[in-house]
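full-length UniProt numbering applies: residue 1 is where the sequence shown begins, and numbers increase by one.
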Amino acid sequence: MCLIAFAIHGRPGLPLLLASNRDEFFDRPTQPLQLWPLPSGKRVAAGRDLQAGGSWIGLAEDGRVAMLTNVRSWPIEAAPCSRGDLVTGWLDSEADWQDWITAIDPACYAGFNLVLGDLATSRWAWLSNRAVGASGPNEAGLPPGWQGRSLGPGCYGLSNAGLDTPWPKTLALKDALARHLSQRAHADETQDLLQALRAMGEVHDDSLPRTGVPIDLERRLSSAFVHAPERGYGTRSSLIVHAGAGSLVLQEWTHQPRVFAERPGHWPLHHSVPRRLELDWTMPKLGQ
């Protein structure tokens, strides 16, 4: 499960700004952010799930972008296909999103949200097979089992329900992203976004979503930074992506929750390992 806020053309010369947390079981093997090849040989900048082989957020060298979150359900769904393969499948494709989804059976996967984009063409879409609570109408003509729509310029929030479902932590991260955009900050000026991603305050029960999970877990999951060591689960990494005209700056912080004695406030960065990738990719229409 993840938390993402992203802005498409949030200001001139900035096709994409993204801030996200990845929540996962502590014992699930994971490769941190790095460049690695897809089956076609195309390179992708992403973390990697070493158990199933896919990813949750990735950017390919030709400008394709994919973001994935689970749709929360209880009990946890079992499904024959890994949702992380949707990310790598899109990044390794050349098709537009309308054609690409015709070859995918959404019923093969547990509940997901999928944001697909292309920095070179500025075409974006949000898609789901469980669009719980999403705002806005579905696009006409989608194949059976799919929900979603094209996305234009704007600021969006995504957690474990439909796009822009107004969960408190989703709204808070969207607001932080909007403030960051208004400050016209440089790619390396990420302190405000990282502070928002590290927030550990749980919301009052009256503001909790009702997703069917036990109430104690719902409380834990209500903070931007999730820390549930008693369940062996929490926020494993944070990622900020700044895609300018012709360059990408990706900054990831891999967290070490097993060593942290819980206390309120914000996750301490001395328990996090930073990584940074800066890629100068020339894409003809990037930033237009």
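Note that CB positions come from ideal geometry on N, CA and C, so glycine has one too.
Distance between residue j and residue i (C-alpha atoms, nearest Å)
i: Trp97; j: Pro209; result: 31 Å
i: Pro37; j: Ser207; result: 43 Å
i: Ala19; j: Lys174; result: 9 Å
i: Ala125; j: Leu151; result: 5 Å
i: Arg276; j: His227; result: 24 Å
i: residue 290; j: Gln51; result: In the structure as shown, the chain begins at 1 and stops at 288. Residue 290 is therefore absent and cannot be evaluated.
i: Arg130; j: Glu189; result: 36 Å
i: Leu193; j: Thr211; result: 27 Å
i: Asn138; j: Glu218; result: 28 Å
i: residue 330; j: Asp85; result: Not covered by the structure: residue 330. The range shown for the chain is 1 to 288.
i: Arg179; j: Ser82; result: 35 Å
i: Leu114; j: Asp105; result: 14 Å
i: Asp62; j: Ala140; result: 28 Å
i: Ser272; j: Arg198; result: 11 Å
i: Asp280; j: Asp49; result: 26 Å
i: residue 289; j: Gly89; result: No answer is possible for residue 289: the residues shown for the chain start at 1 and end at 288.
Boundaries (first-last residue) of the alpha helix (DSSP H) holding residue i
i: Leu17; result: No alpha helix (DSSP H) holds Leu17; the beta strand (DSSP E) holding it covers Leu14 to Phe25.
i: Leu116; result: Unbroken run through Leu116 is the beta strand (DSSP E), Phe112 to Asp118; no alpha helix (DSSP H).
i: Leu193; result: Gln191 to Leu197
Anticipated Cβ contact below 8 Å, residue i with residue j, distance rounded
i: Ala95; j: Asn70; result: No, Ala95 and Asn70 are not in contact; Cβ-Cβ is about 24 Å, not under 8 Å.
i: Pro268; j: Trp253; result: So it is not a contact: roughly 11 Å between Cβ atoms.
i: Ala5; j: Gly157; result: 5 Å
i: Gly10; j: Gly244; result: Actually they are not in contact, since the Cβ atoms of Gly10 and Gly244 sit about 11 Å apart, beyond 8 Å.
i: Leu68; j: Phe112; result: 6 Å
i: Thr30; j: Gly47; result: 6 Å
i: Ala120; j: Leu248; result: About 12 Å separates the two Cβ atoms, so there is no contact after all.
i: Ala196; j: Ala172; result: 7 Å
i: Asn21; j: Leu3; result: 5 Å
i: Ile57; j: Leu239; result: 6 Å
Contact set for residue i: own chain, Cβ-Cβ below 6 Å, skip 5 residues either direction
i: Val241; result: Leu18 and Leu250
i: Val65; result: Leu59 and Gly117
i: Glu24; result: Arg236
Terminal residues of the beta strand (DSSP E) in which residue i lies
i: Val249; result: Ser247 to His255
i: Ala131; result: Per DSSP, Ala131 belongs to no beta strand (DSSP E) and is neither H nor E.
i: residue 297; result: Residue 297 lies beyond the residue range present for the chain, which begins at 1 and ends at 288; the question has no answer from this structure.
i: Ala5; result: Cys2 to Arg11
Which ranges would you report for the beta strand (DSSP E) in the stretch 135 to 169 if only whole runs of at least 3 residues count? 147 to 151 and 154 to 158
Note down, one range per segment and in chain order, each alpha helix (DSSP H) of at least 4 residues found wholly within the stretch 212 to 252. 215 to 221
Sequence ranges, beta strand (DSSP E) only - wholly within the stretch 41 to 107, length at least 3: 43 to 49, 57 to 60 and 64 to 70
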